[in-house]
Amino acid sequence: MTAMARQEALSLWHAVSRETRPRPALEGELDVDLAIVGGGFTGLSTALHTAARGLSVAVLEAETLAWGATGRNAGFIVPNFAKMDPDAIKAHLGPARGERLIDVAAGSADLVFGLIRRHGIECDAVQSGWIQPAHSPAALEKVKSRAGQWAQRGRPAVVLDRQEVEALTGARGYAGGWMDGSGGVLNPVAYARGLAEVAEKAGARLFEHTRVAAIDPIADGWSLKTRMGSVRTGKVLIATNAYGGQLNPGLRKSYFPLKIFQVATAPLPREVRSRLLPGGQGVGDTRRNLFTYRFDAENRLISGGMHVFGIGADRRLPETIRRRLARHLDLPNLPPLAYGWSGMAAVEPDFLPHLIDLGPGLIAGRACNGRGIAMTTAMGKVLADWAGGTDARDLPLPFAPPSPMPFHSLLRFAPNALLPWSMLRDRLDKTG
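The sequence shown: position 171 = 177 (the numbering used here), numbered continuously.
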């Protein structure tokens, strides 16, 4: 594989985003209405929307803001669910609660881009749509139903035929697809840093290099212990997703830990760039071995894939992704890879966001499942409702205790077994 530049950076986004001022570590004692563990999208959005209500809030980040999955994703804004469509959501959660969650997802992209416009966050945001091409005729029927269900709820969802998909994406061989016009792409690190600044202006206090060592019950709430201080609070949100399981053993074993590898090429020539995604949308198709791609503001082509474990896997995977890009997008002269990075995602068995009850006033929020930026931003608003005293019955998700997954210690090896089978089924879909 061609040597990749700037390997000391956590991701492309950390390498290219403007520097931000460091936040202090917590020293001494602090009393707040809400303490948030984790300085990613969920924590920052919750802090912003909670502080806007006039409540005191502190964010405690063990590393630096956007250090985890928030700064290591591909920057897609996708206002829907990874697996379930609206009708299935209603059947799963019940009509009333299901419609509330559907509304949260439906408005999630508009919420993200609205915050960006309102507060002048500079993050190379492009709200021109998210496209899901169908890799087979059977998949096309499914996405037609999906688009129809979202369109019935007033969303800008349109079905695309084969020619329209090719014109919009530059990719040949798809049976058709659909697009949600409210989706888009951005630089996730720049967006997170912008959210942090807006949250601070609203009154939130942000601390970096402040790892929470323990969360202990006290008479009127909880006490969070850090290396140099402590926080007393009535409510606690753990918003660490796949990065903070040590705080609660039940949390660590209640999700599927999926490692994702991302790559970015050197900038593509203008004549090549004009053929691929001329409107600047993001793409994620219907394959089980998901194929995604987008461009950043400098015309770097970005894609990713599931990480598999084994000797030499880290060395082989970036070039595997590069070859896939070249093959699917007809790019025999694809520029070399300039960046490669990885991160952990927390995947729920039902691919939905979850609110996890860990005790009176102590919860964890997980909302990624491949829809991280839009859903976590929107769930931050929901979690602010909880912090402000909204009745749990009126929230779009129920609170539930953590449910350990069987054979959890072996799950990180699941892609090794599932990926070859998924690739075979994808090929059979197209030929069957």
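For each residue, glycine too, the CB sits at the ideal point set by N, CA and C.
Task: Length of the line joining the Cα atoms of Gly256 and Phe405 - done: 15 Å
- [ ] Write down the C-beta distance between Leu274 and Leu307 rounded to the nearest angstrom, noting that I regard them as a contact closer than 8 Å.
- [x] 6 Å
Open item on the list: Could you tell me the alpha carbon to alpha carbon distance between Trp228 and Arg103, rounded to whole angstroms?
Closed with: 29 Å
Task: Within 8 Å, strictly: CB atoms of Trp136 and Phe82 - done: yes
Task: Burial state of Gln155, where buried means 16 or more other Cβ atoms lie within 10 Å - done: buried
Task: Bridge-paired residues (DSSP) for Gln138 - done: Trp184
Open item on the list: If you reduce the DSSP assignment to three classes, tell me which class Pro85 lands in.
Closed with: coil
Task: Distance between Tyr249 and Gly286 (C-alpha atoms, nearest Å) - done: 31 Å
TODO: Could you say which of Gln268, Ala245, Ala225, Leu337 lies nearest to Glu277 if we only look at CA atoms?
DONE: Leu337
Open item on the list: Helix, strand or coil for Val22? Go by DSSP, reduced to three states.
Closed with: helix
Task: Start and end residues, beta strand (DSSP E) containing Lys231 - done: 227-231
Open item on the list: Tell me which residue opens and which closes the beta strand (DSSP E) that Val204 is part of.
Closed with: Run containing Val204: none in the beta strand (DSSP E); it sits in the alpha helix (DSSP H), 194-208.
Open item on the list: Using C-beta distances below 7 Å, list every residue in its chain close to Val388, excluding the 5 sequence neighbours before and after it, in chain order.
Closed with: Val110, Leu401, Pro402
Task: Selection from Arg29, Ser51, Glu170, Gly179 that minimises the alpha carbon distance to Glu67 - done: Arg29
- [ ] Write down every uninterrupted run of the alpha helix (DSSP H) in the region 104-181 whose length is 4 residues or greater and which is fully enclosed by it, in chain order.
- [x] 114-125, 143-157, 168-175
Open item on the list: Going by beta-carbon coordinates alone, are Glu33 and Gly209 separated by less than 8 Å?
Closed with: no
- [ ] Count the CB pairs spanning the region 165-174 and the region 353-360 that are closer than 8 Å, and state whether there are at least three.
- [x] no
Open item on the list: If you measure between the beta carbons of Asn305 and Arg333, is that distance less than 8 Å?
Closed with: no
- [ ] With DSSP collapsed to three states, give me the class of Gln287.
- [x] coil
Task: Proximity winner among Val38, Leu335, Gly74, relative to Gly1 (alpha-carbon distances) - done: Here the chain covers residues 7 to 438 and nothing more, so residue 1 does not appear.
- [ ] In the DSSP assignment, find the unbroken beta strand (DSSP E) run with Phe262 in it and report its ends.
- [x] 262-271
Open item on the list: If we require 3 or more residues per run, which beta strand (DSSP E) segments fall completely within the region 305-375?
Closed with: 307-312, 343-353, 360-365, 368-372
Open item on the list: Under 8 Å, with one C-beta from each stretch per pair, do the region 186-195 and the region 60-79 reach the 3-pair mark?
Closed with: yes
Open item on the list: I need the DSSP call for Pro223, collapsed to helix, strand or coil.
Closed with: strand
Open item on the list: Using 8 Å as the cut-off, can you tell me whether the region 45-62 makes contact with the region 378-397, which would need three or more C-beta pairs spanning the two stretches below that distance?
Closed with: yes
TODO: Grab me the residues of Ser465's own chain with a C-beta within less than 7 Å of its C-beta, minus the 5 sequence neighbours each way, in chain order.
DONE: With the chain represented from 7 up to 438, any question about residue 465 goes unanswered, as that position is not in the structure.
Task: Simplified DSSP assignment, three categories, for Thr396 - done: coil
TODO: Reducing DSSP to helix, strand and coil, say where Val278 ends up.
DONE: helix
Task: Counted within 10 angstroms of its Cβ, other Cβ atoms place Ala143 as buried (16 or more) or exposed - done: At residue 143 the sequence reads Pro, which differs from the Ala that was named. By the neighbour-count rule (16 or more Cβ atoms within 10 Å), Pro143 is not buried but exposed.
TODO: Tell me whether Ser51 sits in a helix, a strand or coil according to DSSP, three-state version.
DONE: helix
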